[in-house]
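Down below is the structure, laid out as structure tokens.
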Amino acid sequence: MIGIQIIAITFGLVSLYFSYYQYRRRIFTIKEFLFWFILWTGFLFVSFFPQSVSPYIKNLGFSRLMDFVIVIAVVVIFCILLHNYLVVRRLEHRIEQLVRELALKNLKVEKDR
Amino acid sequence: MKTILVLPAYNEENYIGKLINEAKAYVDEIIVVDDHSSDKTAEKAAQAGAIVLKHLINLKKAAALKTGTEAALERKAEIIIFMDSDGQHLPKDLPRFIQPLIEEGYDIVIGARKGGQTMPLFRRWGNQLLEWAARFLFKIKIKDIQSGYRSFRADCYKYLHWQSNGYHADAEMTIRTGKFHLKFKQIFIETIYHDDFKGMTVVDGLYLLAQIFLWRIKL
Chain B
11 MIGIQIIAIT FGLVSLYFSY YQYRRRIFTI KEFLFWFILW TGFLFVSFFP
61 QSVSPYIKNL GFSRLMDFVI VIAVVVIFCI LLHNYLVVRR LEHRIEQLVR
111 ELALKNLKVE KDR
Chain Z
3 MKTILVLPAY NEENYIGKLI NEAKAYVDEI IVVDDHSSDK TAEKAAQAGA
53 IVLKHLINLK KAAALKTGTE AALERKAEII IFMDSDGQHL PKDLPRFIQP
103 LIEEGYDIVI GARKGGQTMP LFRRWGNQLL EWAARFLFKI KIKDIQSGYR
153 SFRADCYKYL HWQSNGYHAD AEMTIRTGKF HLKFKQIFIE TIYHDDFKGM
203 TVVDGLYLLA QIFLWRIKL
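Taken in order, these protein sequences are the chains called B and Z. For the numbering used here, add 10 to where a residue sits in the first sequence, where the first one is 1. For the numbering used here, add 2 to where a residue sits in the second sequence, where the first one is 1.
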């Protein structure tokens with residue numbers, strides 16, 4: 011086993027534990043936990059047995075496993091970035107609505123007095 | 003016609019009281035939307051006789067204008083006027099914003115700041131660039147697309163209803179005026195700049211320019 015594999019496996023195990031921990035704290039739902047569980051288990055499998063995906067990687071036009079991992083990592087990061095951006099925008103919109111409604115509610119209260 | 007002045011305010015304790023006292027003579031009611039100021043803006047506005055609405059967090063100008071407009075509609079406004087609270091706009095110009103709506107049948111009156119020596123250089127160039135973009139993309143000839151001093155008939159709010167954040171609401175209203183063919187009048191106004199560090203930055207201006215191109219696709 012080479013150094014990079016040890017780092018990847020350690021990272022995968024810690025992330026898997028962290029996902030489980032979030033599930034136990036009821037921050038993740040069962041669906042969210044299953045999503046992350048499958049993702050990290052797949053990551054650990056590839057880290058343990060890199061040769062198992064070599065034929066597919068060659069078919070995709072990558073010469074090395076590491077190139078494939080980096081490309082996939084960048085794609086995943088961008089997906090998460092987009093998801094986070096959308097969540098933040100939605101939250102911003104909801105907070106704005108709430109704050110504005112509260113301000114207007116005070117106007118109605120004063121008017122009714 | 004019931005006329006309500008809406009003042010979005012953020013840390014304007016130095017100007018808000020004087021502004022309200024001067025503006026009171028020209029409008030039926032004044033609504034101040036305090037956008038979570040850390041100073042005594044809300045207290046001074048209330049003391050001067052305005053209706054004060056408070057945002058619990060700072061939401062920036064566009065949201066404050068929306069809150070103020072909805073409050074004005076709630077209070078049966080027929081004419082709504084926007085004005086900046088930093089003392090750059092003169093209340094004595096208010097009749098010029100009201101009269102064309104009542105007597106000449108206009109939907110919206112936009113105050114164009116004179117780009118003379120009183121306007122900071124970068125702001126003058128930025129305004130010029132934005133004006134060209136609006137003219138090229140929306141075929142509207144308005145000298146100052148993002149002036150904060152404007153008035154409109156309350157029933158036009160459904161067309162003007164802006165989605166932008168921050169300082170872009172004024173520009174979006176102008177663009178929507180062109181898009182929905184509202185009858186507009188442009189009048190030239192005096193402006194006094196008290197603080198060069200308030201309002202839009204160069205980055206905001208560039209972002210707005212990009213936004214104008216996006217509105218061409220979205221609206």
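Where a beta carbon is used, it is the ideal one built from N, C-alpha and C, also for glycine.
Interface residues of chain Z facing residue i [CB-CB closer than 8 Å]
| i | result |
| --- | --- |
| Asn116(B) | Leu55, Lys56 |
Range of the contiguous beta strand (DSSP E) that encloses residue i
| i | result |
| --- | --- |
| Leu9(Z) | 5-11 |
| Leu55(Z) | 53-56 |
Extent of the continuous alpha helix (DSSP H) to which residue i belongs
| i | result |
| --- | --- |
| Asp222(Z) | No information on residue 222(Z) is available, as it lies outside the stretch 3 to 221 that chain Z covers here. |
| Glu76(Z) | 63-76 |
| Tyr31(B) | 13-34 |
| Leu162(Z) | 159-162 |
| Thr176(Z) | 170-181 |
| Phe72(B) | Element bounds for Phe72(B): n/a, residue is neither H nor E. |
| Ala48(Z) | 43-49 |
| Asn23(Z) | 18-25 |
| Pro122(Z) | That residue, Pro122(Z), is in no alpha helix (DSSP H); it is neither H nor E in DSSP. |
| Lys41(B) | 40-58 |
| Glu15(Z) | No alpha helix (DSSP H) holds Glu15(Z); DSSP gives it neither H nor E. |
| Leu96(Z) | 96-105 |
Under 8 Å between C-beta atoms of residue i and residue j
| i | j | result |
| --- | --- | --- |
| Lys104(Z) | Ser153(Z) | With the sequence shown as reference, residue 104(Z) is identified as Ile, and Lys is not the correct amino acid for it. Going by C-beta atoms, Ile104(Z) is not nearer than 8 Å to Ser153(Z). |
| Met85(Z) | Gly150(Z) | yes |
| Leu117(B) | Glu133(Z) | no |
| Val34(Z) | Thr69(Z) | no |
| His38(Z) | Asn60(Z) | yes |
| Ser57(B) | Gly22(B) | yes |
| Ser29(B) | Phe38(B) | yes |
| Asn13(Z) | Asp41(Z) | yes |
| Gln188(Z) | Ala114(Z) | yes |
| Tyr209(Z) | Leu184(Z) | no |
| Leu55(Z) | Leu54(B) | no |
| Met3(Z) | Glu80(Z) | yes |
| Ile194(Z) | Gly89(Z) | yes |
| Ile144(Z) | Ile191(Z) | no |
| Arg155(Z) | Asp206(Z) | no |
| Leu101(B) | Leu58(Z) | no |
| Arg110(B) | Ala25(Z) | no |
| Leu131(Z) | Phe215(Z) | no |
| Ile142(Z) | Ala173(Z) | no |
| Ile6(Z) | Ile22(Z) | no |
| Val63(B) | Leu75(B) | yes |
| Phe45(B) | Tyr33(B) | no |
| Leu67(Z) | Ala212(Z) | no |
Residues that residue i bridges to, as DSSP identifies them
| i | result |
| --- | --- |
| Ala114(Z) | Phe190(Z) |
| Phe154(Z) | Ile82(Z), Ile110(Z) |
| Ile32(Z) | Leu7(Z) |
| His91(Z) | Thr193(Z) |
Where residue i meets chain Z, residues with beta-carbon distance less than 7 Å
| i | result |
| --- | --- |
| Leu112(B) | Leu58 |
| Glu106(B) | Leu61, Ala65 |
Chain B contact residues for residue i, given Cβ-Cβ distances below 7 Å
| i | result |
| --- | --- |
| Ala73(Z) | Leu114, Leu117 |
| Lys68(Z) | Arg110 |
Residue i: contacting residues in chain B (beta-carbon distance under 9 Å)
| i | result |
| --- | --- |
| Glu76(Z) | Leu114, Leu117, Lys118, Lys121 |
Beta-carbon neighbours of residue i, restricted to chain B and to distances below 8 Å
| i | result |
| --- | --- |
| Val35(Z) | Ala113 |
Residue-level contact to chain A via CB, residue i, 8 Å cutoff
| i | result |
| --- | --- |
| Val86(B) | No chain A is present in this structure, whose protein chains are B and Z. |
Exercise for the section: Evaluate contact between the segment 8-20 of chain Z and the segment 32-47 of chain Z, counting only Cβ atoms and requiring at least three cross-stretch pairs below 8 Å. Expected result: yes
Problem - At least three beta-carbon pairs within less than 8 Å, the segment 93-101 of chain Z to the segment 165-179 of chain Z - result: no
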